[in-house]
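Participant: Residue numbers (the numbering used here): 11 to 249.
All residues carry an ideal CB built from backbone N, CA and C; glycine is no exception.
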Ligand SMILES: [Mg+2]
């Protein structure tokens, strides 16, 4: 770590899959939304929702749809695919807003995340960077103990660019007051979004990934450090 002028270095943390448990929040939000609309609410529907949602998010990343369309069209597609007999009598706008409300309430932390970020806040300045919808991510972070520990929250929906795009990392560095990128460690669970984007922006990177995931072969995706859980992060940052 490079320290500049006695100022604390920054840690730039991805939220979902790194410190927040998005899988659980999403599963509970999908089940709650479907049950409230008297639609089948089970693991199969959650799996189908995830497939449909992933297609819409990759379309959004390609610029082939908008965040506003994604909100309702993912539900329209799920209904047509899984329960076509209900297509005519489901209020898609109501489903979409119920889902966002459920999801926004799902501020589940991953194990050790609160303790680790609290510990890091003693030696580092904390910033968060996340690909997602502002009205989902802002309340989720706000409802967690992580909110008070961070100084910056950058959300792709608000910036108009998603990781790994250079624009979102530039927005984060601006919000941090333009520190030397070499003093800002990017920590995340996604090689393509967090590690590739962080590296391209000149940030040292830490990849959080289960041990069974193979190391990336592409040098552009290779992090400075890899850890299996967030609990190992303070040790890595102490170097
Ligand atoms: Mg993530």
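I need the residues with a C-beta less than 6 Å from some heavy atom of ligand 1; please give them in chain order.
Facilitator: Those residues, listed in chain order, are 24, 26, 27, 28, 198, 199, 200.
Participant: Could you have a look at residue 20 and say whether DSSP puts it in helix, strand or coil?
Facilitator: Position 10 of the chain shown holds residue 20. Strand.
Participant: What does the Cβ neighbour count give for residue 161, buried or exposed, with the cut at 16 atoms within 10 Å?
Facilitator: As a first step, residue 161 must be located in the chain shown, where it is residue number 151. Per the 10 Å Cβ criterion, exposed.
Participant: Is the segment 112–132 close to the segment 96–104, with three or more CB pairs under 8 Å?
Facilitator: With a cut-off of 8 Å, the segment 96–104 and the segment 112–132 do not count as touching, because too few Cβ pairs lie within range.
Participant: Quick one: grab the DSSP three-state call for residue 13.
Facilitator: Walking along the chain shown from the start, residue 13 turns up at place 3. With a pLDDT of only 41 at residue 13, under the threshold of 50, the placement of this residue in the model should not be trusted; the figure read from the coordinates follows. Here residue 13 sits in coil by DSSP.
Participant: Do residue 224 and residue 203 have their C-beta atoms within less than 7 Å of each other?
Facilitator: For the purposes of this step, residue 224 is taken as the residue at position 214 of the chain shown. For the purposes of this step, residue 203 is taken as the residue at position 193 of the chain shown. No, Cβ-Cβ distance for residue 224 and residue 203 is not below 7 Å.
Participant: From residue 142 to residue 36, what does the alpha carbon distance come to, in whole angstroms?
Facilitator: Here residue 142 corresponds to residue number 132 of the chain shown, with the count starting at 1. Here residue 36 corresponds to residue number 26 of the chain shown, with the count starting at 1. Using only the alpha carbons, I get a separation of about 12 Å.
Participant: Do residue 211 and residue 231 count as a contact pair if the criterion is CB distance below 7 Å?
Facilitator: For the purposes of this step, residue 231 is taken as the residue at position 221 of the chain shown. For the purposes of this step, residue 211 is taken as the residue at position 201 of the chain shown. Cβ distance not < 7 Å, so residue 231 and residue 211 don't count as in contact.
Participant: Report back the beta-carbon spacing between residue 93 and residue 146 to the nearest angstrom; my notes put them in contact at under 8 Å.
Facilitator: In the chain shown, the residue the question calls residue 93 occupies position 83. In the chain shown, the residue the question calls residue 146 occupies position 136. That belief does not hold up - the Cβ atoms of residue 93 and residue 146 are roughly 24 Å apart, past 8 Å.
Participant: Look up residue 138 in the DSSP assignment and say whether it is helix, strand or coil.
Facilitator: Taking the first residue of the chain shown as position 1, residue 138 is located at position 128. Correct three-state label for residue 138: strand.
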